[in-house]
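Okay, structure first, notes after.
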Amino acid sequence: MTGSRNITHGPLAAIAEIPLDYAGYGIVALFFLAWIIAIAVWHFGRVEERWSANLASNTK
1 MTGSRNITHG
11 PLAAIAEIPL
21 DYAGYGIVAL
31 FFLAWIIAIA
41 VWHFGRVEER
51 WSANLASNTK
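With the numbering used here, the residue at position 31 of the sequence shown is 31, and numbering never jumps.
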C-alpha cells in the first residue's frame with residue numbers, strides 16, 4: 001500500500017518497513033508477557049480465594 005501511494009515517511013512507512021519475521025517475534029513476546037502478567041495477578045491477587053469465598057457465601 002505504501003509503495004503504490006508513494007508514502008515515504010510517517011507511521012505507515014515505518015510500519016511497512018518492519019520485517020514480518022520480527023513482527024512474529026513481537027506477537028509471541030506479547031502473548032508471553034500477557035501470560036506472565038495473568039499468572040502474577042492470579043497468584044498475588046489471590047483471585048482463587050476471592051472467588052471461592054464469594055461462591056461459599058452465595059450457597060449459604
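Don't be surprised by glycine CBs; every beta carbon is placed ideally from N, CA and C.
N- and C-terminal bounds of the alpha helix (DSSP H) containing HIS9: That residue, HIS9, is in no alpha helix (DSSP H); it is neither H nor E in DSSP.
So what's ILE39 in DSSP terms, helix, strand or just coil? Helix, per DSSP.
Just to confirm my understanding: we take ASP21, look at its own chain, exclude 5 residues before and 5 after, and list those with CB closer than 8 Å. What are they? Correct list: empty, nothing qualifies.
Suppose you measure from the CA of GLU49 to the CA of TYR25; what does that come to, to the nearest Å? Taking C-alpha positions only, GLU49 is separated from TYR25 by approximately 35 Å.
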